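A short worksheet on the structure shown next.
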Amino acid sequence: MANTMTTPATAERQSSLARLGTALLKLPPSIFVIVCLVVVSLALVPVLTKLPFQMVILRQAAPVGLVICAQLLVMRANSIDLSVGGVFILMNYLVTSSVLHGLPDGLVLVLPVLVAMVIGAINGFFVAVLRSSSVVVTLAMGSVLMGFVLLLSSGRPPGSAGDFIKWLGVGKIGIVPIAAIIWLTATLALEVYLRRSVYGRFVRVIGSNTNAAALSGIPVAKTLFTTHVLSAGFAGLGGVLLAGYIGMGSVKIGTDIVMTSIAGVILGGITFGKGQKSIIGAILAAYALAYVFNIMTALKFGEPAKLIVQGMIIFAASVVASVSNRKT
Amino acid sequence: MFSAMTKRNAEKEPLLQLDGVGKSFGHNTVLNGIDFDVRPGEIHALCGENGAGKSTCLGLLYGLHQPSTGRILCNGNETRIESTSRAQSLGIGCVFQELSLAGALNVAENIYAGRAPTRFGVVDWPELRRRATALLAEFGLDIDVSRPVDRLPISSRQIVEIAKALSLNSRVLLLDEPTSALAPDEVDALFEILRALTRKGIGIVYVSHHMAEIFRIADRITVLRDGRCISTMAASETSKEQVVAEMIGAAHPGDVSRAGYVGGKEVLRVSNLTNPGDFEDISFTVDAGEIVGMAGLMGARRSEIVRSIVGLGRVTSGKILFHGANVTFASLRRAMRAGVGFVPEERKTEGLFLEQSLSDNLIAASLSEHSTAGLMRAKSIKRAAQTAVEAFSVKTNGVSENVGDLSGGNQQKIMLAKWLKRAPALLIVEEPTKGVDVGAKFQIHTELLRCAAEGMAILVVSSDFPEMVSLCTRILVVHEGRLMGDLDAAEATEDTLLQMAAGTVRPTTRPCHTNQSGIA
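The listed protein sequences derive, respectively, from chains A and B.
Here the numbering used here is used: the first residue of the first sequence is 71, the next is one more, and so on.
Here the numbering used here is used: the first residue of the second sequence is 1298, the next is one more, and so on.
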C-alpha cells in the first residue's frame, strides 16, 4: 500500500514543504529567537531549560509582556506610546511611597492603574482630539512623569511596596507565578475582545487606512482616544507588577522599558498598522526577551554586553519582519 | 498635410516600439499581444475606453511595469526598461494625468528636481533660474520660475510638467490625457507646443479619449480595447465614428437608458453655499429619484463643495436643507445617521482598506448593523457580503479575498455596495466609474439607476462628460468654485458642458435656485 501511494504522497510532501516555507515566514520572529535561545541554553546552561527556571523567566516576562501588549494596541491603530517608561516610574512611586498606605489591597492595585489610564487619556486627548504627533506628545509626557516622580521622591529614602503588591509580583499559585497568570489572562482577554468587538474592528480599519476609516464614518478620534486610555492601563498594570517584583522604590526602573516595548512589538512580528498578526507573537517576544536576559546573567555577561546583544536581536528581528512583509 | 507627414514618418525607424507585448497582474491579464510604435516627428494617439490598457502601455514604455510577454525595442534594439530613471536616460519623458509636481517648490526646482546645476557642491541658483526660464521661453511661456508651483493655474502646471519631461533631452514624450485640466485656448497653446516639438523630431505618444482633440493633433491613431490592439491607422484614413466604434466594440453593453423621471420630493437643497477661496454662492437641489451630475474640470472645486455638504469641509455661509430641514452636519457620521451616503473619489487611499477582506470592506460603513452589544456577528457579515457579491457580480475567489487583489472595476463595485447597503436617502458619489472597464461601468450605472428608481436622491460628481449625459437627469457645471449652469441633461452635449466647465461660456441668466421638479 505504501508503494501505491508514493507518487501522490511525494507531490503532497513537496507542496506541503512549500507551504511550510511560506507559513514559517509568516510566523513572528520571536519564535525563532526562542528556538535559538533554547538551543544555546541547552548547550551552555542546560539548567535554564528546567521547569522551575522557566517559571522564573515567565514571571520576569510578565511586566514586559504587559507593556508590549500596551504598545501593540496603540501601534495597531497607527499610533505609539513612548510615555510607558514614565508610567512605569510613576507606578513604582505610587506603589512604594506612602501615598496609598493603609488602603485596602484591591485599591492599591486599582488606583495606580486608574492613574495610568488618566495619563493615557491626556495622551489620547492630544493625539486624537488635537491631532498632535503621538511620538512627540508621548515622549514629552514620559519626560514630564519622570521629572514629576524625581521631584516628589527627592530627599526621601526609597519606600517599599505593600505585601499585596509584592505577592502579585513574586507570589505563586502552585508553581505558576501570579504575575504570569495576570499577564496572560489580561492579554488573551484583550485579544479575544479585539477580534470579536466592534471596537476591535475600529482599531483594525484605522490601522489599515485612517483616511478611509474616517470616510467610512468610523469614529477615528474616539477610537484613538480609547485606545490610548486602554493601552496606558495595560502599561500601568505592568508597572505595578514590576514594582511588586522589585519590592522597593526606584527611579531607575523603567528607563529602558520604552525600547523594550518596541523591541517586543517588532519581535512579535507586528509593524505599524498591520494589526492582523496574533498576540501570541507578542507574548513569545516578552518571553524571549526575559530568556535572553537570564542566559546572559547565567553566562556572567556585563551590562555593556547585554545592551549590545539586546540591540543585535532587535536588528535581526526587524530584518526578518521586513523580509516576511515583502513576501506576503 | 497630415498624410504627407505620415508618409515621411513611415520611412523612419521607430524610436520606441512594443512588439507583441502582453502584461498580466497576478491572474489578471490587462494587455495581450500589443504592437505599437512611435516614430520621430509624429504624434501617435493611443485611444481606448477606461480600462482598455492605455495607462499600462505607458507604464511599460516608461519603465513602471515590465512586459510579461513580448519585447520592447528602443531605436531598434531590444531594451529592458527596468526603471523610470532608465527610461529617462533612454530619452523617454512622461507626463501623467495626475500631476506629479512638488507644490511647495518653485517652478525651476521642479523642472530640475534632483538634477540642479551645482557650483562648488551647492546648487547654482542663478544658473538654475536661467535654464528654467530659457526652457519655458521655448514654449512661449513667460512665468516667474521662482514662484511655487501650487500658486500657478493648473494649465501652467501642465506645461511645467511637459517642460520638466523635455529638460531630460527626451526624444520620446508620453502624454496621458494632457488636456483634462485645460480650457480650449490653453489646449490650442499646448497643441502649438506639441507641433513645434515634432518639428524637432521628437516622437509623441498621446493618450486621450477626447476624439475632437485626437483628430486635430494626431498623425496616427491606435485603438485599444480590453487589452488588445484593435487597429492602427493614419488619422487621415479613419474617422471619429470608426475610432469610437472600434473603442466600444460589439460586446459593448451600450449606454444605460434613463427611464422617464417623474419628479419626487426634494431631498437636498443647497442655497448660496460659500467657503471663500474654495467655492462661492453654490445653489442647487436634488430630488428623490433624481440623478444630478456635477461636472467640471480638474480644480473646479467640486469635491470641496460636496464634501462640505456631508460634513467633511468648512462652510462660512449659506444653507443646507435636508428633507426640508436646515442642517449643518458636524461630521460625516452625523450626515450618515441622517441618511446621507458618500462615496469618495480615490478608492485606494480614501475608499478601501486594501489589505482587508472584501467582506470587512463591505461592512465598514455599517458595523452597528452587524453587531450585538458591541460584538460582531460573523454570520451576518458573511451573508451580507455574499449578497453584495451576487448583486454586483463581483469577480472574486470569495468574500475573504483581500480587496487589494481585485481589479479596479470590482473594487469600485465593492465601494459602491458598501454605501448602497445602508440605503441612504441621499447618495453623493465622486467619479463612480473612474478607471473601470466598460462592463463594470455599465453595471455601476445600472445599479445607480435602479436605486434612483427606488427613490434615492443621487448626486454624481464626474469628469466623464458622456457618462453624465447618459446617466443624469440634470447637470450642474462648476468652474473655479462657481456654478456656471444647471442644465437639463437632455439638452446638454459634451461640447456645451466642456465650454461651460472651462469657463468660456457664461450663463446668460443666474443659475436657477428654483426646484426643477418640472423636468419630466
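By construction, the Cβ of each residue, glycine as well, lies at the ideal position given by its N, Cα and C atoms.
In this text the structure is predicted, and so the values were computed from the model without any measurement.
Burial state of glutamate 1406 (chain B) is buried, judged by a 10 Å Cβ sphere holding 16 or more other Cβ atoms.
Residues of the same chain with a CB within less than 8 Å of the CB of valine 1567 (chain B), apart from the 5 flanking positions on each side, are Ile1579, Ser1580, Phe1581, Thr1582, Ile1606, Gly1615, Lys1616, Ile1617 and Leu1618 in chain order.
Going by beta carbons, alanine 1798 (chain B) and glycine 1593 (chain B) fall inside the 7 Å limit. Under the rule that a run must span 3 or more residues, no beta strand (DSSP E) segment is found entirely inside the region 108-157 of chain A. For tyrosine 269 (chain A), DSSP records no beta bridge to any residue.
One thing to note: glycine 1350 (chain B) has its Cβ no nearer than 7 Å to the Cβ of valine 1318 (chain B). Interface criterion met: the Cβ of serine 1668 (chain B) is under 7 Å from a Cβ in chain A.
Annotation: the continuous alpha helix (DSSP H) that includes leucine 1795 (chain B) extends over 1791-1798.
Contact check for asparagine 1325 (chain B) against serine 1704 (chain B) passes: the beta carbons are separated by less than 7 Å. Shown here for alanine 1685 (chain B): same chain residues with a beta carbon closer than 7 Å to its own, the five before and five after excluded, namely Leu1659, Ala1714 and Lys1718 in chain order. Around glutamate 1647 (chain B), the beta-carbon contacts reaching into chain A at under 7 Å are Asn281, Ala282 and Leu285.
Excluding residues up to 5 positions away in sequence, Ile127, Leu128, Gln130, Ala131 and Val134 lie with their Cβ nearer than 8 Å to the Cβ of alanine 360 (chain A) in the same chain. The beta carbon of alanine 1662 (chain B) sits closer than 7 Å to some beta carbon of chain A. For asparagine 1403 (chain B), DSSP records a beta bridge to B:Pro1445. Scanning chain A for C-beta atoms nearer than 8 Å to the C-beta of glycine 1671 (chain B) yields Ser267, Val268 and Tyr269, reported in chain order. Closest by C-alpha distance to alanine 305 (chain A), out of A:Arg89, A:Ile189 and A:Gly225, is A:Ile189. Taking 7 Å as the CB threshold, serine 278 (chain A) lines the interface with chain B.
For glycine 324 (chain A), the closest of A:Gly334, A:Ala333, A:Arg226 and A:Ala313 by C-alpha to C-alpha distance is A:Ala313. Assigned with DSSP and collapsed to three states, valine 1504 (chain B) falls in strand. The residue among B:Ile1514, B:Gln1796 and B:Ala1681 with its C-alpha nearest the C-alpha of isoleucine 1490 (chain B) is B:Ile1514. Look at valine 105 (chain A): its C-beta is not under 7 Å from any C-beta on chain B.
The continuous stretches of alpha helix (DSSP H) do not include cysteine 1769 (chain B), and DSSP gives it neither H nor E.
Per DSSP, glutamine 1653 (chain B) lies in no alpha helix (DSSP H) segment and is marked neither H nor E. Sequence-distant Cβ neighbours of leucine 1651 (chain B) in its own chain, meaning closer than 8 Å and more than five residues away, are Lys1645, Asn1699, Val1700 and Gly1701.
For histidine 1341 (chain B), the beta-bridge partners assigned by DSSP are B:Val1502 and B:Arg1517. DSSP places glycine 1319 (chain B) in the uninterrupted beta strand (DSSP E) bounded by 1313-1322. For phenylalanine 234 (chain A), the enclosing alpha helix (DSSP H) covers residues 233-240.
Here arginine 1416 (chain B) is exposed, its C-beta having fewer than 16 other C-beta atoms within 10 Å. Taken residue by residue, none of the region 1309-1336 of chain B has a beta-carbon sitting less than 9 Å from a beta-carbon on chain A. For leucine 1370 (chain B) against aspartate 1316 (chain B), the beta-carbon gap comes to about 6 Å, under 8 Å, which counts as contact. In the DSSP annotation of this structure, the continuous segment of the alpha helix (DSSP H) that includes glutamate 1435 (chain B) starts and ends at 1422-1435. For methionine 1781 (chain B), the enclosing beta strand (DSSP E) covers residues 1779-1785. The DSSP assignment places 1655-1659, 1675-1688 and 1705-1717 as complete runs of the alpha helix (DSSP H) inside the region 1632-1720 of chain B, in order along the chain (cut-off: 4 residues).
For the pair valine 1757 (chain B) and phenylalanine 1626 (chain B), the Cα-to-Cα distance works out to about 20 Å.
Fewer than three pairs of CB atoms, one per stretch, sit closer than 8 Å, so the region 348-358 of chain A makes no contact with the region 201-219 of chain A. Distance from the CA of valine 1446 (chain B) to the CA of isoleucine 1440 (chain B), rounded to the nearest whole angstrom, comes to 11 Å.
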